[in-house]
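Enquirer: With the working numbering applied, the sequence shown has no gaps in its numbers, which climb one by one up to 396 at the end. All C-beta atoms, glycine included, are put in the ideal place defined by N, C-alpha and C. In this text the structure is predicted, and so the values were computed from the model without any measurement. Quick one: the structure is below, questions incoming.
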Amino acid sequence: MREVILLKLGEIALKGLNRKTFEDVLIKNIKRRLQGAGAFSVTSRQSTIYVEPLDDFADMDLAEERCGKVFGVVSYTRAGTAEKDLAKIQERAAEYLAESLEAARSFKVECKRSDKKFPYKSPEISAQVGGYLLEQFPRLRVDVHHPDIEVRVEVREQNAFVHANAKPGAGGIPVGTGGKAAVLISGGLDSPVAAWTMAKRGVELTAIHFASPPYTSELAHDKVVRLLGKVSQYAGRIKLITVELTRLQEEIRDRCPEDLGTIILRRYMLRAAQRVARDEGCLCLITGESLGQVASQTLQAIACTDAVADMPVFRPLIGSDKAEIVKIARKIDTFNTSIEPFEDCCTIFTPKHPRTKPTLEMVERGELAMDGQPLLEEALKNLRAVHINGY
């Protein structure tokens, strides 16, 4: 009998009349992720997505790995199928889970009987399968509270399925159900985590990166591409648009008050990002800022930056500390790439003593020392785009 991957739905099951829409997007996303892993059928029944290989050439290991990173899936497991006959289910459980059962010291059996026409109730199935496994693996003992392995039996419409402990999925809701947003992406720890966090809420991402050659190198740009490759394993395809701000940064450095340089630069970044975002059909901006982490991320500095914004600016990490951000970065495998020592345009002309509590009047007066609009327009005429697909 064949093997399948069972994907369990979480939040989607609570969507009421909109549930079908969310499921359709999720199935579409799963099919896209499975490209390159072989031929699979992807169907939805009773709050479960069934991923079934269509031939012997399908790569189940790769398919399982990719399904585990699809937002909208709360848990997943590979399962062996069996005929809906108690003896067949017992035999399949012993055969399919033999390796895990041999390595375990204790187990328990849980059963879910969706097909109420099946002649045995869930407790009876659990007891019968458990008794059979004890005969086949006499070293095992039953532990209903803290078993080494939990054998699960699901009796559904067409088949029965046996599997062991399910793995946690990516959670969230399917990408594409939450609108489209532009994330300002640097090469640091925070912005990739912010991008992942918003994608988890169904947001389709466009990424905007600011570069300042020759102060920033092509290696720094490649680092951002690799970071987004990690994020796209969860978020799906991402378009990266790079804006070069060299002349604008030099003008800020040469003409504006040094202690306000970073805030003035960030205001111009926000102006540029909004223009790009609108051209890409995005409804908001996303940044990786965390309150108080650096001088430009105080409440006063953020207020001065947002004064130039006329679309929403989301900061999903605003209340997170560094340890929490690092934990997620390690989880999504961006940490080691983020700490590579390549330059970032936000740090190349960092003031020695940046002002942490600026006022809007002070910043606007500082901007009058230069005419940045022509330089901004010039930067927006020379955009570079790369399409990133990490799967």
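Run through DSSP, which three-state label would Val-318 get?
Expert: Three-state result, Val-318: strand.
Enquirer: First and last residue of the beta strand (DSSP E) that includes Ala-204?
Expert: Here Ala-204 belongs to no beta strand (DSSP E); instead the alpha helix (DSSP H) covers 195-204.
Enquirer: Only counting the same chain, and skipping five residues up and downstream in sequence, which positions put a Cβ closer than 6 angstroms to that of Glu-57?
Expert: Excluding positions up to five away in sequence, the list reads Val-9, Ser-46.
Enquirer: With DSSP run on the structure shown, which of helix, strand or coil describes Leu-233?
Expert: Helix.
Enquirer: So does the region 259-267 actually touch the region 355-365, counting three or more Cβ pairs closer than 8 angstroms?
Expert: Enough Cβ pairs lie closer than 8 angstroms, so yes.
Enquirer: Going by DSSP in three states, Ser-295 sits in which element: helix, strand or coil?
Expert: Correct three-state label for Ser-295: coil.
Enquirer: Within 10 Å of its beta-carbon, does Ser-301 have 16 or more other beta-carbons around it, so buried, or fewer, so exposed?
Expert: Answer is buried; the Cβ neighbour count reaches 16.
Enquirer: Can you tell me where the beta strand (DSSP E) with Ser-222 in it begins and where it stops?
Expert: Unbroken run through Ser-222: none, as it is neither H nor E.
Enquirer: Tell whether a beta-carbon distance below 9 angstroms holds between Tyr-239 and Lys-172.
Expert: Result no, Cβ atoms of Tyr-239 and Lys-172 do not sit closer than 9 angstroms.
Enquirer: Would you give the residue range spanned by the alpha helix (DSSP H) that Ser-127 belongs to?
Expert: Looking at the DSSP string, the run of the alpha helix (DSSP H) that includes Ser-127 is 127-141.
Enquirer: For Ile-35, is the beta carbon positioned less than 8 angstroms from some heavy atom of the ligand ADP?
Expert: The model on display carries no ligand, and the ligand ADP is accordingly not part of it.
Enquirer: Quick one, are the C-beta atoms of Thr-48 and Leu-11 less than 9 angstroms apart?
Expert: No, these two residues do not count as a Cβ contact at 9 angstroms.
Enquirer: Rounded to the nearest angstrom, how far is the Cβ of Ala-98 from that of Val-167, given a contact under 8 angstroms?
Expert: Yes, they are in contact, since the Cβ atoms of Ala-98 and Val-167 sit about 4 angstroms apart, within 8 angstroms.
Enquirer: Determine the contact status of Glu-159 and Lys-117, defining contact as a CB-CB distance below 9 angstroms.
Expert: Yes, the Cβ-Cβ distance between Glu-159 and Lys-117 is below 9 angstroms.
Enquirer: If you reduce the DSSP assignment to three classes, tell me which class Ala-328 lands in.
Expert: Note: Ala-328 maps to helix in three-state DSSP.
Enquirer: Alpha carbon to alpha carbon, how far is Ala-165 from Ala-92? Give it in angstroms, no decimals.
Expert: Taking the straight line joining both Cα atoms gives about 12 angstroms.
Enquirer: Which residue marks the beginning of the beta strand (DSSP E) containing Ser-49, and which one marks its end?
Expert: 45-50 is the extent of the beta strand (DSSP E) around Ser-49.
Enquirer: Is Ile-154 closer than 9 angstroms to Phe-112 when the C-beta atoms are compared?
Expert: Yes, the pair counts as a contact, with Cβ atoms nearer than the cut-off.
Enquirer: For Ile-154, which beta-bridge partners are listed by DSSP?
Expert: Ile-154 is bridged to Phe-112.
Enquirer: Are Tyr-273 and Gln-40 touching if we call contact CB-CB under 9 angstroms?
Expert: Cβ distance not < 9 angstroms, so Tyr-273 and Gln-40 don't count as in contact.
Enquirer: Under three-state DSSP, which class holds Pro-379?
Expert: Reduced to three states, the DSSP call for Pro-379 is helix.
Enquirer: Going by DSSP, what residue range makes up the beta strand (DSSP E) through Ser-80?
Expert: Its beta strand (DSSP E) spans residues 78-87.
Enquirer: Can you check which of these residues, Lys-244, Met-203, Ile-333, Arg-258, is closest to Thr-355 by C-alpha distance?
Expert: Here the closest residue by C-alpha is Arg-258.
Enquirer: Should Asp-66 be labelled buried (16 or more other beta-carbon atoms within 10 Å of its own) or exposed?
Expert: The residue is exposed, with fewer than 16 neighbouring Cβ atoms inside 10 Å.
Enquirer: Counting beta carbon pairs with one atom in the region 193-203 and one in the region 292-312, are three or more of them shorter than 8 angstroms?
Expert: The region 292-312 vs the region 193-203: in contact.
Enquirer: Measuring CB to CB, does Val-236 end up less than 9 angstroms from Ile-243?
Expert: Yes. Within cutoff.
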